[in-house]
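Final position of the sequence shown in the UniProt record's numbering is 171; the numbers increase by one with none missing.
Even for Gly, the Cβ is constructed at its ideal location relative to N, Cα and C.
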Amino acid sequence: MTLSKKDRLTALEKRLKGTDTPLPGDELAKAFDVSRQVIVQDIGLLRAKAVPVIATSRGYYIEVANGHQRVFKCRHRDDQITDELNLIVDLGASCEDVFVEHRIYGKINARMDVKSRKDVQNFMNNIYTSVSTPLKNITDGYHFHTVSADDEKTLDEVEAMLEKEGFLVKE
1 MTLSKKDRLT
11 ALEKRLKGTD
21 TPLPGDELAK
31 AFDVSRQVIV
41 QDIGLLRAKA
51 VPVIATSRGY
61 YIEVANGHQR
71 VFKCRHRDDQ
81 ITDELNLIVD
91 LGASCEDVFV
101 EHRIYGKINA
111 RMDVKSRKDV
121 QNFMNNIYTS
131 VSTPLKNITD
141 GYHFHTVSAD
151 DEKTLDEVEA
161 MLEKEGFLVK
171 E
């Protein structure tokens, strides 16, 4: 039985809220017996209703803010990206995004959603197989990360380790 649009949107929102991992659009399309394009349109309708749906290269999910967030300004070489991200996730935090402050274009932000070493590895594989370069390279290595964790103590540990490893830029 095919669901009405209203029922499908309700079921889609419930399914996205009920997962900790992104759900691929193709998987959602199959589950609801609709095309991938219909899922894309449904995601747009959910966002229009202020449902915080996030799209990643791995699929869709509803953003649930962790208890605490902090922004860190960092700088390092390309060959240190893996070390920086592993440091964050190994301490139990998540790297939500990367952004730069460009003098002409302003803030340029990219969602990362890196929560584990596997996510770090997938992110790095995408960089290595892409013709693009890391966002930090347009600002001489300077960039910011929004990092989330369950508590302030974890964020303090992340900050201390970023500083110890020489990644943290003090203003």
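- Taking 8 Å as the cut-off, the Cβ atoms of L155 and R75 do not count as close.
- Across the structure, T139 and K107 are spaced so that their CA atoms are roughly 11 Å apart.
- Judged by their CB atoms, G59 and L87 are not nearer to each other than the 8 Å cut-off.
- Per the DSSP secondary-structure output, K73 pairs in a beta bridge with F144.
- For N137, no beta strand (DSSP E) run applies, since DSSP gives it neither H nor E.
- Non-local beta-carbon contacts of L91 in its own chain, meaning distances under 7 Å to residues more than five positions away in sequence, involve T154, E157, V158 and M161 in chain order.
- Exposure of E152 is indicated by the presence of fewer than 16 other C-beta atoms within 10 angstroms of its C-beta.
- Excluding its 5 nearest sequence neighbours in each direction, G141 has C-beta neighbours in its own chain below 6 Å: R75, listed in chain order.
- Distance from the CA atom of N126 to the CA atom of D119, rounded to whole angstroms, is 11 Å.
- Within the same chain, and ignoring the five residues on either side of M112 in sequence, the residues whose Cβ sits closer than 6 Å to its Cβ are C95, D97 and V98.
- In terms of Cβ geometry, L9 and V53 do not form a close pair [threshold 8 Å].
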